[in-house]
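A.B. asks: Questions regarding the structure given below will be posed in turn.
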Amino acid sequence: MGHMDHAAFGWLTPLLSYVMACIGAALGLRCTVRALSATGRSRRNWLLTAASAIGTGIWTMHFVAMLGFAATGTEIRYDVPLTILSLLVAMAVVGAGVFAVGYSRDRARALVLGGLTTGLGVASMHYLGMAALRLHGTVHYDPLMVGVSVLIAVVAATVALWAGLNIKSPVAVTVASLVMGAAVSSMHYTGMFAVSVHVTPSGASLPGATAMQFIFPLAVGLGSYLFLTSAFVALSPTAGERAASASAQRPVESAAR
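Quick note on numbering that gives the first Met the number 0: the sequence shown kicks off at 0 and runs consecutively.
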């Protein structure tokens, strides 16, 4: 069995992956808060942004953490189509959960179903990403640890959706994002502790792309998207600020007449 290292670069990849998870969670929560105070097309657009932010943050967290994954006796490559599919799954299932909560009249039922769907989707993203691994040998999983990681994903997703419904203030969103980032990271590393690798030494070349050829550039691109979208949301006026601005303009318009 090959020795595995989950932090080949020390604390760099675990810390960066946690930061990306927190940024995605914070952005998703802020967009959900904006969506619940909006209507029509505006609500839909905010929910789409929330889904893409949370899904992108979770995916980026996973693969930034995977940059630090290594196994002795074998190189590691990634199947590109499966890796892209894992990103699409992350955004799709998070979107289903966010829209269920954003549009349902029965919030409690939507929260349960949305949390379950989103959590299972996040776990699917993780294990699809692991299925994209290409190495000399075979990968095995401890069923108990896999089950624990899925449970963590469902609980984390449900808490995230609940926070989107109930947490409004920026300080509370920040605290919730830190907790959610820790939950997502815990899910990832619990899933990784379920892994064992049996290496079969070989001189044959592996299919797929290396982490630095594919994962790193994509993670940087998605991370940049999160930062830019965060700046846009921070600078975009809230519904209350728009209403206050409109109220302030009415006396001025009346005086001008």
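A virtual CB, placed ideally from N, CA and C, is assigned to each residue, including glycine.
(1) Should T38 go down as buried or exposed, given a rule of 16 or more other Cβ atoms within 10 Å for buried?
(2) If you compare alpha carbons, which of L35, G207, A64, S176 is closest to W10?
(3) Helix, strand or coil for L115, going by three-state DSSP, please let me know.
(4) Ignoring anything shorter than 4 residues, give me the alpha helix (DSSP H) runs that lie fully in the region 121-184, in order along the chain.
(5) My output table needs one value for S195: the three-state DSSP class, helix, strand or coil.
(6) Please confirm if the region 39-46 is in contact with the region 70-78, defined as three or more CB-CB distances below 8 Å between the two stretches.
(7) To which residues of the same chain is W161 closer than 7 Å at the C-beta, ignoring the five residues directly before and after it?
(8) For the region 51-122, list the beta strand (DSSP E) runs that are entirely contained and at least 3 residues long, ordered along the chain.
(9) May I ask you to report which of helix, strand or coil DSSP gives A208?
(10) Report the option in A34, L227, S103, H2 whose CA atom is closest to the CA atom of K167.
(11) Tell me the rounded alpha-carbon separation between T209 and Y77.
(12) Here's the rule: buried if 16 or more other CB atoms are within 10 angstroms of the residue's CB, otherwise exposed. What is A129?
(13) Where do the N-terminal and C-terminal ends of the alpha helix (DSSP H) with S235 fall, by residue?
(14) Is A25 closer than 9 Å to V219 when the C-beta atoms are compared?
(15) Would you mind sorting T55 into buried or exposed? The rule is 16 or more other CB atoms within 10 Å of its CB.
(16) Given S176, which residues of its chain have a CB within under 7 Å of its CB, disregarding the five upstream and five downstream residues?
(17) Thinking C-beta only, is A52 closer than 9 Å to L164?
(18) Going by the CB atoms, is the gap between F8 and L81 shorter than 9 Å?
(19) Taking S184 as the reference, give the member of L47, G207, L227, A155 with the closest Cα.
C.D. replies: From the atom records:
(1) exposed
(2) A64
(3) helix
(4) 142-165
(5) strand
(6) no
(7) L110
(8) 75-77
(9) strand
(10) A34
(11) 6 Å
(12) Sequence inspection shows Met at residue 129; the Ala mentioned does not correspond to that position. Answer is buried; the Cβ neighbour count reaches 16.
(13) Premise fails: S235 is in no alpha helix (DSSP H) and is neither H nor E.
(14) no
(15) buried
(16) C21, A24, A25, L28
(17) no
(18) no
(19) A155
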